[in-house]
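**Student:** My questions will all concern the structure given below.
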Amino acid sequence: MEEIWKTVLGQSTVNQLLAIDWGKVIASSIRVLLIIALTFLVMRAGSAAVDRFFNKWDKIEAVESRRVHTLRTLMKSGLRYTLYFVALVTILNMFGVRVEAILAGAGVVGLAVGFGAQNLVRDVITGFFLLLEDQFAVGDYITVAGVSGTVEEMGLRVTRLRDFGGELHIIPNGQIIQVTNHSRGNMRALVEVGVAYEENLDRVIDVLQQVCEQAARDMADIIAEGPHVLGVVNFGQSDVVIRIIAYTKPMQQWYVERELRRLIKEAFDREGIEIPYPRRVVLSMSGGAKHGQISGW
Numbered sequence: 001m002e003e004i005w006k007t008v009l010g011q012s013t014v015n016q017l018l019a020i021d022w023g024k025v026i027a028s029s030i031r032v033l034l035i036i037a038l039t040f041l042v043m044r045a046g047s048a049a050v051d052r053f054f055n056k057w058d059k060i061e062a063v064e065s066r067r068v069h070t071l072r073t074l075m076k077s078g079l080r081y082t083l084y085f086v087a088l089v090t091i092l093n094m095f096g097v098r099v100e101a102i103l104a105g106a107g108v109v110g111l112a113v114g115f116g117a118q119n120l121v122r123d124v125i126t127g128f129f130l131l132l133e134d135q136f137a138v139g140d141y142i143t144v145a146g147v148s149g150t151v152e153e154m155g156l157r158v159t160r161l162r163d164f165g166g167e168l169h170i171i172p173n174g175q176i177i178q179v180t181n182h183s184r185g186n187m188r189a190l191v192e193v194g195v196a197y198e199e200n201l202d203r204v205i206d207v208l209q210q211v212c213e214q215a216a217r218d219m220a221d222i223i224a225e226g227p228h229v230l231g232v233v234n235f236g237q238s239d240v241v242i243r244i245i246a247y248t249k250p251m252q253q254w255y256v257e258r259e260l261r262r263l264i265k266e267a268f269d270r271e272g273i274e275i276p277y278p279r280r281v282v283l284s285m286s287g288g289a290k291h292g293q294i295s296g297w
């Protein structure tokens, strides 16, 4: 068998393999596997401890709850990277590598790299102040860097947003110059409805007010104020525009607008109030007589 290996691998390679202390290799491999396994066990235990630490905040207000979730994610991330570093140093020490020299060299190299990593430093510093000032948290719907979406993850370097189309946007924190947070405070729901010029405006406003009262009762859990009929805001080519406004809980304004439009359409159908639509008049000449026809677009 040894002759076969010499033929395949060569005499020098076989001699090197025979010179290896396979007992030490196996023992070192087992120790490395034990260190890795212990690292993952400590990571899971630490993650569970972080979850238990933040469980008492489950019943606080929604905005604060999202902030707690953000801090929970950051603590788990910091714990994970710390354990990775400790495991790496332990394994290197086990093989006789001088970690002190590596760290000293890394300091010099890091100084040189720092001049070329200004964007990375800017991202981290910006991320720190975003967290410190609580500009947004996980679960908030925001607009940053020309992108709108729900914050899925917030870190010191990048922020991840998921838009309504399901696309994930990863934005470096250094590019976040202005933040528009749509999840803080009450949001405005605005509906404008057009009615024909021939309609009695007092009657129309009275019907709309009844719709608003019904909506306030049906959606009392998400409407903070209103709805209110503000009155006539515009004269269109074929309609008089009336505006309705309400204030809702965060992220509920679009649902309230849809429900108001549905209720208004049902009320107008029931009361015989016309919602105008574009029309055209066609005149035809037949034997000297004019014939008119009115049709919708």
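Quick note: the sequence shown uses the UniProt record's numbering, first residue 1, plus one each step. Where is the CB? At the ideal position from N, CA and C, for every residue including glycine.
Could you tell me which residues DSSP puts in a beta bridge with proline 172?
**Tutor:** According to DSSP, proline 172 bridges with Val158.
**Student:** Do you know how far the Cα of glutamine 214 is from the Cα of arginine 261?
**Tutor:** Each residue's Cα considered, the two are about 13 Å apart.
**Student:** According to DSSP, simplified to helix, strand and coil, what is tyrosine 277?
**Tutor:** Here tyrosine 277 sits in coil by DSSP.
**Student:** Within 10 angstroms of the Cβ of serine 284, are there 16 or more other Cβ atoms? Answer buried if so, exposed if not.
**Tutor:** Exposed, by the Cβ-count rule.
**Student:** Determine whether the beta carbon atoms of glycine 272 and alanine 246 lie at a separation below 8 Å.
**Tutor:** Contact flag unset, no.
**Student:** Quick check: the stretch 74 to 85 against the stretch 42 to 50, are there 3 or more CB pairs under 8 Å?
**Tutor:** At 8 Å Cβ cutoff, the stretches touch.
**Student:** Under 8 Å, do arginine 217 and leucine 230 count as touching if we go by C-beta distance?
**Tutor:** Their beta carbons are not under 8 Å apart, which means arginine 217 does not touch leucine 230 by this criterion.
**Student:** Contact check, lysine 265 vs isoleucine 222 under 8 Å by CB: the rounded distance?
**Tutor:** Contact doesn't hold; Cβ gap of about 21 Å is too wide.
**Student:** Identify whether alanine 215 lies in helix, strand or coil by the three-state DSSP scheme.
**Tutor:** Residue state, collapsed to three classes: helix.
**Student:** Touch check for the stretch 183 to 202 and the stretch 157 to 174: three-plus C-beta pairs under 8 Å?
**Tutor:** Short answer: they don't touch.
**Student:** In this structure, does DSSP put phenylalanine 235 in helix, strand or coil?
**Tutor:** Of the three classes helix, strand and coil, the one that applies to phenylalanine 235 here is strand, per DSSP.
**Student:** How far does the alpha helix (DSSP H) with tyrosine 255 in it reach, from first residue to last?
**Tutor:** Unbroken alpha helix (DSSP H) run through tyrosine 255: 253 to 271.
**Student:** Please report how far the alpha carbon of glutamate 133 lies from the alpha carbon of valine 179, in whole angstroms.
**Tutor:** Taking the straight line from one Cα to the other gives about 12 Å.
**Student:** Assuming the contact rule is C-beta atoms closer than 8 Å, valine 147 and aspartate 123 should be a hit. Round their C-beta distance to whole Å, please.
**Tutor:** Actually they do not touch by this definition, with Cβ atoms about 16 Å apart.
**Student:** When you compare the CB positions of phenylalanine 136 and valine 158, do they come within less than 8 Å of one another, or not?
**Tutor:** No, the pair does not count as a contact, with Cβ atoms beyond the cut-off.
**Student:** For tyrosine 81, which three-state DSSP category applies?
**Tutor:** Helix, per DSSP.
**Student:** Which two residues bound the contiguous beta strand (DSSP E) that contains valine 144?
**Tutor:** Unbroken beta strand (DSSP E) run through valine 144: 141 to 144.
**Student:** Following the continuous beta strand (DSSP E) through valine 241, name the residue where it begins and the one where it ends.
**Tutor:** Residues 240 to 248.
**Student:** Please report the straight-line C-alpha distance between isoleucine 170 and valine 282, rounded to a whole angstrom.
**Tutor:** If I take the Cα positions, the gap works out to 56 Å.
**Student:** Considering Cα atoms alone, identify which of Asp269, Phe235, Leu38, Val241 is closest to threonine 90.
**Tutor:** Checking every option, the nearest Cα to that of threonine 90 belongs to Leu38.
**Student:** Return the CA-CA distance between alanine 196 and leucine 263, expressed in angstroms with no decimal places.
**Tutor:** The alpha-carbon atoms of alanine 196 and leucine 263 are separated by roughly 18 Å.
**Student:** From the DSSP output, read off the bridge partner residues of valine 187.
**Tutor:** The question names valine, but residue 187 in the sequence shown is methionine. Answer by DSSP bridge pairing, in chain order: Thr248.
**Student:** Who are the near neighbours of phenylalanine 128 in its chain, counting only those whose CB is closer than 8 Å to its CB and skipping five residues on each side?
**Tutor:** Correct list, in chain order: Leu156.
**Student:** Consult DSSP for asparagine 200 and reduce its assignment to one of helix, strand or coil.
**Tutor:** Note: asparagine 200 maps to coil in three-state DSSP.
**Student:** Cβ atoms of alanine 87 and glycine 26: under 8 Å apart, would you say?
**Tutor:** The sequence shown places isoleucine at residue 26, rather than the glycine named in the question. No; because the gap between Cβ atoms is not below 8 Å, this pair is not in contact.
**Student:** Phenylalanine 85: buried (16+ other C-beta within 10 angstroms of its C-beta) or exposed?
**Tutor:** It counts as exposed.
**Student:** Assuming contact is defined by CB atoms lying nearer than 8 Å, are leucine 208 and valine 240 in contact in what I supplied?
**Tutor:** Cβ distance not < 8 Å, so leucine 208 and valine 240 don't count as in contact.
**Student:** According to the Cβ coordinates, are valine 42 and leucine 92 closer than 8 Å?
**Tutor:** Not closer than 8 Å, so no.
**Student:** Would you decide whether phenylalanine 268 is buried or exposed? Buried here means 16 or more other CB atoms lie within 10 Å of its CB.
**Tutor:** It is buried - the Cβ of phenylalanine 268 has at least 16 other Cβ atoms within 10 Å.
**Student:** Mind checking glutamate 167: buried by the 16 CB within 10 Å criterion, or exposed?
**Tutor:** Exposed, by the Cβ-count rule.
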